[in-house]
Amino acid sequence: MSTLVYINSNNGLNKAALEVVTYSKNLGGNVTVIATGSSNQELLATLGQYGASKVIFEASVTADDAQQLTELIATVAQAENAATIVFSHDVVAKAIAPRLSVKLKAGLVSGAIEAPNADGSIKVNVFSGKAFGSVKVTSDKKIISLLPNSIQPSISGSNCSVEAFNGTLTTSKIKVISTKKPEGAIPLPEAELVVSAGRGLKGPENWGMVEDLAAALGAATACSRPVADIGWRPHHEHVGQTGVAIRPNLYIAAGISGAIQHLAGVNGSKVIVVINTDAEAPFFKAADYGIIGDAFEVLPKLTAAVKKFKAENH
Amino acid sequence: MNILVGIFVLNLQPIEKKSKMKILVCISKSPDTTSKIAFTDNNTKFDENGVQYIVNPYDEWYALVRALELKETIGGNVTIVTVGNAADEAIIRKALAIGADEAVRIDADPTDAYYTAMQIADYAKSNGFDLVLTGKETINYNGSQVGGMIAEAMDLPFVSLATKLDAAGTTLTLEREIVGGVQVVEVQTPAVISCAKGMAEQRIPNMRGIMAARTKPLQVIAPVAVETLTTYTTYTMPNAKSACKLIDPSNMDELVELLHNEAKVI
Ligand SMILES: Cc1cc2nc3c(=O)[nH]c(=O)nc-3n(C[C@H](O)[C@H](O)[C@H](O)COP(=O)(O)OP(=O)(O)OC[C@H]3O[C@@H](n4cnc5c(N)ncnc54)[C@H](O)[C@@H]3O)c2cc1C
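Protein chains in written order, with the working numbering: chain A, 1 to 314; chain B, 1001 to 1266.
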């Protein structure tokens, strides 16, 4: 059995890339990586430590055109005789994996959160995180896209060989006009720590407290739906059933009531801290640690405590 | 019978070219967001008891409403398509009430994303659409699969998770989410787009729309023979959380200590 892993190494190797290589290694069999973005062979070779036996790179292909990228991955999958293809369940995978599923007639499991069960079925979130389902692929080939932060990367070997992709591809049909990437911001879906706030913060001018805590922790920021709807925060921070579903190690929610639609997107978090003035707020039922108190007082105190802790422990 | 209808439509390819957009919006049903999620038959089936179905929010709020806005500004026609049973006509009428011109129901159980996408692609291929829109994902299975699958089956470009969509002639300008940012891209029609938050605002159907929806054309067509590639074997519910530990708001050092030593997350 052979597994092909796609990674986008535009900005180096992120944790999600190491997660998918580790995951594929755990499936058993040979693991080949197809990487787009970087041509840094020294860096790509380190994927061998996480279980890859070979990395093929194609630096000229971007992640912009799903059609072109699908062609690249399908070509390599055929050449490597891959029975399974693994992605990290990010925005790129959401564009390519379904195309590839049709092209290769390979059943697609989106948003896997665990290694396959003994019967080959794979656990995924369903109903926006309100339940889990086990999906069985009935086709010969399969595609798995792994939800970020579902497994820990682990080192099991040494550097592997790296080679350039050798072949021609059609040109991209998607013309990129501009790209905006906020400096230094941690992408929410991959974040291990998240600080989130809701309507209890009263207005966008009060978000400094939230950002200060996030900066002290090295966390990403998120918000409830009404906060994004009113325009206090950007849409991509909206978490929940109709926003982003996340499963960080730590989710801190300040001034969020914990409506069922909000909980759906965050209850996969390993630890939840809730800060709310209302002891009856439904969020406390989903919390591990609760603080009944005013976010305007608690957030700065928590930020100070985190800074003190970091200063003492580093 | 139904298949004949399909063939007639095939012969009615638009003759006058462009500017007016022929748009197909794919809609799916999903349980109302407040539904209690439970399973039956030994946890192998979703328990529909007492569940109210709605149009999947991404399909309705973003894909459908943006299609209607485009039609209102540049002219054209908006068809909605769903793969589903007769019971799903309630959500079809809702989408018609919001303003779609006509509807197609492909008469089958949407057993998996591949099966569903192949049905829609087969219908769309023979009907000359400029634009095929889907929601970003459904809120029940969250696969984000159908749009990309339709695009591949039709050999069309696909822009996923678009938050803005404008059309001028045959050029579409889109804003979309990329890893850690946003991007503006251009693509030529025909194309398939999956729609996310930002693209449009929810519209509440008015009485006139609801009345008009009753008489708008709803075509039922037979499915094509397609296999499925995946199946859900069982469902489980998350473990209940143990009781929440309350911490004194003035003692944040204690919280940090617990997050470090007990929860081990920082
Ligand atoms: C179809 C549908 C889909 C939806 N999808 C989503 C979704 O994806 N994500 C989502 O978040 N919501 C979603 N919602 C909305 C959801 O139902 C709630 O309305 C929303 O989550 C509430 O946001 P909130 O908690 O910020 O605001 P509120 O409900 O107004 O809660 C504010 C909270 O702040 C507390 N508070 C006030 N002042 C302070 C203070 N000084 N310090 C501390 N606490 C304070 C209050 O006690 C209260 O609990 C959806 C709704 C529908 C109908």
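Where a beta carbon is used, it is the ideal one built from N, C-alpha and C, also for glycine.
Helix, strand or coil for A:T46? Go by DSSP, reduced to three states.
Here residue 46 of chain A refers to the residue found at position 46 when the first sequence is read from its first residue. Helix, per DSSP.
Using the beta-carbon of each residue, find all residues closer than 5 Å to any heavy atom of ligand 1 and list them in chain order.
A:G198, A:R199, A:G200, A:S224, A:R225, A:P226, A:G240, A:Q241, A:T242, A:G243, A:G255, A:I256, A:S257, A:A259, A:Q261, A:H262, A:N276, A:T277, A:D278, A:A281, A:D294, A:A295, B:T1033
Residues in its own chain within less than 8 Å of B:L1259 by CB, not counting five upstream and five downstream?
Stepping through the second sequence from its first residue, residue 1259 of chain B is reached at position 259. Only V1265, I1266 meet the Cβ criterion.
Is B:P1031 helix, strand or coil by DSSP?
As a first step, residue 1031 of chain B is located in the second sequence; it is residue number 31 there, counting from the start. Note: B:P1031 maps to strand in three-state DSSP.
Please report the distance separating the alpha-carbon of B:P1238 from that of A:K285.
The residue given as residue 1238 of chain B occupies position 238 in the second sequence. The residue given as residue 285 of chain A occupies position 285 in the first sequence. Taking the straight line from one Cα to the other gives about 14 Å.
Determine, using beta carbons only, whether B:G1209 comes closer than 8 Å to chain C.
Looking at the structure shown, chain C is missing, and the protein chains on hand are A and B.
In chain A, what lies closer than 9 Å to B:N1142 by C-beta?
Taking the first residue of the second sequence as 1, we reach residue 1142 of chain B at position 142. Result: S110, G111, V124, N125, V126, F127, S128, G129, A245.
Alpha helix (DSSP H) segment containing B:L1070, residue limits:
Residue 1070 of chain B sits at position 70 when you count from the first residue of the second sequence. Per DSSP, B:L1070 belongs to the alpha helix (DSSP H) from 1065-1074.
Spell out whether any CB of chain B is found under 8 Å from the CB atom of A:S38.
Taking the first sequence and counting its residues from 1, the one referred to as residue 38 of chain A is at position 38. Closer than 8 Å: no.
Helix, strand or coil, according to DSSP, for A:S145 in the structure here?
Position 145 of the first sequence holds residue 145 of chain A. It is a strand residue.
On the DSSP bridge assignment, give the partners of B:R1176 in chain order.
Indexing the second sequence from 1 puts residue 1176 of chain B at position 176. Paired residues: B:A1162, B:Q1183.
What residue range is occupied by the uninterrupted beta strand (DSSP E) comprising A:Q78?
Counted from its first residue, the first sequence places residue 78 of chain A at position 78. That residue, A:Q78, is in no beta strand (DSSP E); its alpha helix (DSSP H) goes 66-80.
Residue burial classification, B:M1118 (beta-carbon count within 10 angstroms, cutoff 16):
For this step, residue 1118 of chain B is matched to residue 118 along the second sequence. Under this definition B:M1118 is a buried residue.
Leaving aside the five residues before and after A:D294 along the sequence, list all residues of the same chain whose C-beta is less than 8 Å from its C-beta, in chain order.
Looking up residue 294 of chain A in the first sequence gives position 294. Here the set comprises T277.
Could you give the distance in angstroms between the alpha-carbon of A:E42 and the alpha-carbon of A:A216?
On the first sequence, residue 42 of chain A is found 42 positions in, with the first residue counted as 1. On the first sequence, residue 216 of chain A is found 216 positions in, with the first residue counted as 1. C-alpha separation (whole angstroms): 33 Å.
Looking at the unbroken alpha helix (DSSP H) that takes in A:R199, where does it start and where does it end?
Indexing the first sequence from 1 puts residue 199 of chain A at position 199. Counting along the chain, A:R199 falls outside any alpha helix (DSSP H), and DSSP gives it neither H nor E.
Let me make sure I understand the geometry here. Which of B:A1087, B:I1098, B:S1250, B:A1151 has the alpha-carbon closest to that of B:D1107?
Stepping through the second sequence from its first residue, residue 1107 of chain B is reached at position 107. Looking at the Cα atoms, B:A1087 is the closest of the given residues.
Under the three-state DSSP convention, the category B:F1129 falls into:
Translated into positions along the second sequence, residue 1129 of chain B becomes position 129. Here B:F1129 sits in coil by DSSP.
Does any residue of chain B have a CB that is nearer than 8 Å to the CB of A:F309?
Within the first sequence, numbered from 1, the residue matching residue 309 of chain A stands at position 309. Chain B contact via Cβ: present.
Closest residue to B:T1170 among B:N1206, B:F1129, B:T1163, B:E1137 (Cα-Cα distance):
What you label residue 1170 of chain B is simply residue 170 of the second sequence in a count that begins at 1. Comparing Cα positions, the closest option is B:F1129.
Can you list, in chain order, the residues of its chain with a C-beta nearer than 7 Å to that of B:V1005? Leave out the 5 residues immediately preceding and following it.
Residue numbering aside, residue 1005 of chain B sits at position 5 when the second sequence is read from its first letter. Bear in mind that the predicted position of B:V1005 carries a pLDDT of just 44, short of 50, making it too unreliable to give a figure here.
Just to confirm, are A:P148 and A:P189 a CB contact at a threshold of 8 Å?
By one-based count along the first sequence, residue 148 of chain A stands at place 148. By one-based count along the first sequence, residue 189 of chain A stands at place 189. It is a contact, given that the beta carbons lie within the stated cut-off.
State the start and end residues of the unbroken beta strand (DSSP E) segment that holds A:N30.
Position 30 of the first sequence, counted from the start, is the residue given in the question as residue 30 of chain A. Looking at the DSSP string, the run of the beta strand (DSSP E) that includes A:N30 is 30-36.
Tell me the DSSP bridge mates of A:V109?
The count along the first sequence starts at 1 and reaches residue 109 of chain A at position 109. Looking at the DSSP assignment, A:V109 forms a beta bridge with A:I144.
Selected residue, minimal CA-CA separation from B:N1261, among A:V21, A:F309, A:E71
Along the second sequence, one-based indexing puts residue 1261 of chain B at 261. Comparing Cα-Cα distances from B:N1261 to each of A:V21, A:F309, A:E71, the minimum goes to A:F309.
So does the stretch 219-231 of chain A actually touch the stretch 167-175 of chain A, counting three or more Cβ pairs closer than 8 Å?
no
Interface flag, B:V1081 vs chain A, CB-CB below 8 Å:
The sequence position of residue 1081 of chain B within the second sequence is 81, counting from 1. Not closer than 8 Å to any Cβ of chain A, the Cβ of B:V1081 fails to qualify, so no.
For A:F354, the first and last residue of its enclosing beta strand (DSSP E)
The structure shown does not extend to residue 354 of chain A, since chain A is modelled only from 1 to 314, so the question has no answer here.
With H, G and I counted as helix, E and B as strand and the rest as coil, what does DSSP make of B:G1135?
Your numbering for residue 1135 of chain B matches position 135 in the second sequence. Of the three classes helix, strand and coil, the one that applies to B:G1135 here is strand, per DSSP.
Can you pull the DSSP bridge partners for A:N84?
The sequence position of residue 84 of chain A within the first sequence is 84, counting from 1. For clarity, residue 84 of chain A is Thr in the given sequence; the question names Asn instead. According to DSSP, which records beta bridges pairwise, A:T84 is partnered with A:T3, A:K142.
Closer than 8 Å, CB to CB, is B:S1028 near chain A or not?
By one-based count along the second sequence, residue 1028 of chain B stands at place 28. No, because no Cβ of chain A sits closer than 8 Å to the Cβ of B:S1028.
A:T22 in three-state terms, based on DSSP:
Here residue 22 of chain A is taken as the residue at index 22 of the first sequence, counted from 1. A:T22: helix per DSSP, three-state reduction.
Note the first and the last residue of the continuous beta strand (DSSP E) segment covering A:A222.
Sequence index remark: in the first sequence, residue 222 of chain A carries index 222 (1-based). Residues 220-223.
If you measure from the beta carbon of A:K54 to each beta carbon in chain B, is any gap under 8 Å?
Here residue 54 of chain A refers to the residue found at position 54 when the first sequence is read from its first residue. With 8 Å as the cut-off, A:K54 does not count as an interface residue toward chain B.
Please tell me whether A:T171 has its Cβ less than 8 Å away from any Cβ of chain B.
The count along the first sequence starts at 1 and reaches residue 171 of chain A at position 171. With 8 Å as the cut-off, A:T171 does not count as an interface residue toward chain B.
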